[in-house]
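Enquirer: Following this message is one structure expressed as structure tokens.
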Amino acid sequence: MPEALDAAGGLVAELARTLPPGLAARMLDPADADAMRALRRRVIETLDDPDHYRVAGEVGDFVLDHLNTKGVTVGLFLGSELVAYGALGLPGPGDHNRGRDLPLPEAELPLVAHLSSAMVDPALRGRGLHHRMIDWRIAVADRIGRRHSLTTVSPRNHRSWGHLAVHGVYPKRLIDVGAKGGGSLLRLLVHRDALAQPVFDPATASLVPVEEIVGRGDLFARGEQVWCRLDQGGRWFALFGRARAAAV
């Protein structure tokens, strides 16, 4: 964790230089736990669809685990108020690891970083802050040699997985993360490999309405992934397809 803290802290200054006027960035620590929980509640309560983020799918004490225990988190502040955060999980040998869901070889599990969560105060949406949170977390993961960035996203939350796809973090599987207390909770497993540069094969393209993704596990099973979201006359679609075969 010291290596991750050093890398994360070193990248905060770069993040701060890209922020809109009036916003500041710093690393969060356990003293910020209450502010982080309050922001999370505020964001979750205002979601258009409650399925877009369900704490039922989280593992452990999410906030404390990401405040320098099992991960690192950057916060954006307007004055003294926390208005956005980006949490990066760094699973250790005995921790839950989304790499197993892909699945990755056991030898590559130590190279996994979780893009666990990023939230922005509703009053500050539309300023590119979510994209900055994605960039910062990927940069930290790359700097410490964690080439595999993964997380899970609601299939219906096309804004979130669409933003991730812009940064090369693509939906590659449908998995059941389970809900606390039992029950099913289907999520897209999104993944970026820093050593890979997949190229979309347009010959394999198909459009699937966002609301139908949960029923199209067959497309993932045959090696397709989601490349982006597309607005077609006010209805959102996922662009599925395979990556082009690597040149021999």
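When we follow numbering that gives the first Met the number 0, the leftmost residue of the sequence shown carries the number 0, and every step to the right adds one.
Here a beta-carbon is modelled for each residue, glycine too, at the ideal position from N, C-alpha and C.
Could you tell me if L194 is buried or exposed, where buried requires 16 or more neighbouring beta carbons within 10 angstroms of its beta carbon?
Expert: The residue in question, L194, is exposed, as its Cβ has fewer than 16 Cβ neighbours within 10 Å.
Enquirer: Spatial neighbours of R146 within its chain, please: C-beta separation below 7 Å, excluding the five flanking residues on both sides.
Expert: Closer than 7 Å at Cβ, skipping near neighbours: L110, D192, A193, L194.
Enquirer: What do you get for H190, buried or exposed, if any count of 16 or more other CB atoms within 10 angstroms of its CB means buried?
Expert: Buried is the call here.
Enquirer: Need the endpoints of the beta strand (DSSP E) that E274 sits in, please.
Expert: There is simply no residue 274 to check, as the chain begins at 0 and stops at 247 in what is shown.
Enquirer: Can you give the beta carbon distance from V42 to M118, rounded, assuming they're within the 8 Å contact cut?
Expert: 4 Å between Cβ atoms; contact.
Enquirer: Just reading off the alpha helix (DSSP H) that M0 is part of, what are its end residues?
Expert: First-last for M0: undefined, no H or E at that position.
Enquirer: Could you check how far apart the C-beta atoms of Y84 and L123 are, in whole angstroms? I think they sit under 8 Å.
Expert: Not really, about 12 Å apart at Cβ, beyond 8 Å.
Enquirer: For N96, which residues of its own chain have a beta-carbon under 7 Å away from its beta-carbon, when the five flanking residues on both sides are left out?
Expert: Cβ neighbours of N96 beyond the five flanking positions: P90, L108, V111.
Enquirer: For the candidate residues G161, D175, D217, L149, whose alpha-carbon lies nearest to that of L103?
Expert: The candidate whose alpha carbon is nearest that of L103 is L149.
Enquirer: How should G93 be labelled, buried or exposed, when 16 other C-beta atoms within 10 angstroms of its C-beta is the threshold for buried?
Expert: With fewer than 16 other Cβ atoms within 10 Å, it is exposed.
Enquirer: I'd like to check one pair, V82 with D31: are the Cβ atoms closer than 9 Å?
Expert: Going by C-beta atoms, D31 is not nearer than 9 Å to V82.
Enquirer: I believe R186 touches T151 by the beta-carbon criterion, under 8 Å. Please report the beta-carbon distance rounded to the nearest angstrom.
Expert: Contact holds; Cβ gap of about 4 Å.
Enquirer: Buried or exposed: which applies to R234, given that a residue is buried once 16 or more other Cβ atoms fall within 10 Å of its Cβ?
Expert: So R234 ends up on the exposed side.
Enquirer: Just to confirm, is the Cβ distance from A7 to L87 under 9 Å?
Expert: It is a contact, given that the beta carbons lie within the stated cut-off.
Enquirer: Quick one: what's got a C-beta closer than 6 Å to R243's C-beta in the same chain, skipping five residues either side?
Expert: Closer than 6 Å at Cβ, skipping near neighbours: V198, D200.
Enquirer: D50 and S153 - do their beta-carbons sit closer together than 9 Å?
Expert: For S153 and D50, yes; Cβs fall inside 9 Å.
Enquirer: Output the boundary residues of the beta strand (DSSP E) element that contains H113.
Expert: Segment 111 to 119, the beta strand (DSSP E) holding H113.
Enquirer: Give the list of continuous beta strand (DSSP E) stretches no shorter than 3 residues that lie fully inside the stretch 15 to 40.
Expert: Runs of the beta strand (DSSP E) inside the stretch 15 to 40: 22 to 26.
Enquirer: Does V209 come out as helix, strand or coil in the three-state DSSP assignment?
Expert: Looking at V209 - three-state DSSP - the assignment turns out to be helix.
Enquirer: Between the alpha carbons of V165 and W226, how many angstroms are there, rounded?
Expert: Taking the straight line from one Cα to the other gives about 8 Å.
Enquirer: Which residue from I212, R215, P208, G9 puts its Cα closest to that of G232?
Expert: Considering only alpha carbons, the answer is P208.
Enquirer: Contact check, F236 vs L218 under 8 Å by CB: the rounded distance?
Expert: Between L218 and F236 the Cβ distance is about 13 Å, and since that is not below 8 Å, they are no contact.
Enquirer: If you draw a straight line from the alpha carbon of L206 to that of L173, how long is it in whole angstroms?
Expert: Rounded to the nearest angstrom, the two C-alpha atoms are 17 Å apart.
Enquirer: At the level of alpha carbons, what is the spacing between G21 and Q224?
Expert: Those two C-alpha atoms are separated by around 39 Å.
Enquirer: Where do the ends of the beta strand (DSSP E) carrying G240 lie?
Expert: From DSSP, the beta strand (DSSP E) with G240 extends over 234 to 240.
Enquirer: How is H166 classed by DSSP in three states: helix, strand or coil?
Expert: Coil at H166, not helix or strand.
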